[in-house]
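Take a look at the structure below.
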Amino acid sequence: MRAARPELILASASPRRLALLNQIGIEPDHLIPAHVDETPERGELPRRLAQRLAHSKAVAVQKKAKQAGMAAGAIVLAADTVVAVGRRILPKAETMDEAADCLKLLSGRAHRVFTGICVLSPGGHAHQRVVDTRIRFKRLSNKDIEAYLASGEWNGKAGGYAIQGIAGAFVLKLGGSYSAVVGLPLYETVTLLSGEGYPVQFGWLNPVATGA
149 MRAARPELIL
159 ASASPRRLAL
169 LNQIGIEPDH
179 LIPAHVDETP
189 ERGELPRRLA
199 QRLAHSKAVA
209 VQKKAKQAGM
219 AAGAIVLAAD
229 TVVAVGRRIL
239 PKAETMDEAA
249 DCLKLLSGRA
259 HRVFTGICVL
269 SPGGHAHQRV
279 VDTRIRFKRL
289 SNKDIEAYLA
299 SGEWNGKAGG
309 YAIQGIAGAF
319 VLKLGGSYSA
329 VVGLPLYETV
339 TLLSGEGYPV
349 QFGWLNPVAT
359 GA
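Residues 149 to 360 in my numbering are what the sequence shown spells out, letter by letter.
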């Protein structure tokens, strides 16, 4: 029965994206991380960056899979998240200084999270969406920032924070998709996969084990 449906490749090694897929009963057949240059192009806007990176990741992983002789008929799912204040794109914090700069900028103000999603057909046809979520942080005290930096949650996170962790306590208001901020917009994921012929309800009848 499993062989009757297309295989699905998640172009990510993110445990958050895998957990979100599992939440809606989808278990990808393969996890292949995408390695692409995420540097914004000159003058590139946040929305465009999220869209471009999601597509680039999907294409890179499809090429890698085909070169390895695997999953020739697989659908590829990729996503990328970009945090921005106005036109300013915040980095995926790799150092404590970067994370501190992000948190100070976000403190007491609104920002936007753009999550690009791309579903690539076996023939290379791309279906894409960009989800725009607006978030307002409370005003962060020095103690808030110092303690959050010490937690290490910021490491590798766009904008220097992870909303599904401690930083959830910083959010005063959120308008849009919570799951998109975590890493994968679930409504759009189901819509695009269904449009490509992937039977998203398969896992609802054959639930993914969650360890609960």
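For each residue, glycine too, the CB sits at the ideal point set by N, CA and C.
Contacts around residue i, its chain only, beta-carbon distance under 6 Å, and the 5 residues preceding and following it disregarded
{"i": "Ala165", "result": "Before going on, a small fix: residue 165 reads as Arg here, not Ala. Answer for Arg165: Gly331, Leu332, listed in chain order."}
{"i": "Pro347", "result": "Arg153"}
{"i": "Ala310", "result": "Glu301"}
{"i": "Leu158", "result": "Pro176, Leu179, Leu225"}
{"i": "Gln312", "result": "Val330"}
Burial state of residue i (16 or more Cβ within 10 Å)
{"i": "Asp228", "result": "buried"}
{"i": "Ala226", "result": "buried"}
{"i": "Leu111", "result": "Residue 111 lies beyond the range of the chain shown here (149 to 360); nothing can be said about it."}
{"i": "Glu336", "result": "buried"}
{"i": "Pro176", "result": "buried"}
{"i": "Gly323", "result": "exposed"}
{"i": "Gln215", "result": "exposed"}
{"i": "Arg200", "result": "buried"}
{"i": "Arg277", "result": "buried"}
{"i": "Leu320", "result": "exposed"}
Closest by C-alpha distance to residue i, when choosing among the options
{"i": "Asp185", "options": "Arg284, Asp177, Ser204", "result": "Ser204"}
{"i": "Asp292", "options": "Ala310, Ile314, Arg277", "result": "Ile314"}
{"i": "Gly343", "options": "Val231, Leu322, His275, Lys212", "result": "His275"}
{"i": "Gly191", "options": "Ile237, Ala202, Ala219", "result": "Ile237"}
Residues bridged to residue i [DSSP beta-bridge criterion]
{"i": "Ile283", "result": "His259, Leu322"}
{"i": "Ala274", "result": "Leu268"}
{"i": "Ile157", "result": "His178, Val224"}
Chain C within 8 Å of residue i, Cβ atoms only
{"i": "Ala202", "result": "Looking at the structure shown, chain C is missing, and only one protein chain is on hand."}
Neighbourhood of residue i by C-beta, 7 Å cutoff - its chain only, sequence neighbours within 5 removed
{"i": "Pro181", "result": "Ser160, Ala161"}
{"i": "Ser299", "result": "Ile314"}
{"i": "Phe350", "result": "Arg153"}
Own chain partners of residue i with C-beta closer than 8 Å, once the 5 adjacent residues on each side are dropped
{"i": "Lys252", "result": "Leu288, Ile293"}
{"i": "Arg235", "result": "Leu193, Pro194"}
beta-carbon residue i near the ligand SAM non-hydrogen atom, thresh 7 Å
{"i": "Trp352", "result": "Of ligands this structure carries none, so the ligand SAM is not represented either."}
Within the stretch 211–271, ranges of the alpha helix (DSSP H) (whole runs, at least 4 residues): Scanning the stretch 211–271 from its first residue to its last, the whole alpha helix (DSSP H) runs of 4-plus residues come out as 244–254.
Complete alpha helix (DSSP H) runs within the stretch 299–335 (minimum length 4 residues, chain order): Listed in chain order, the complete alpha helix (DSSP H) runs (minimum 4 residues) inside the stretch 299–335 are 326–330.
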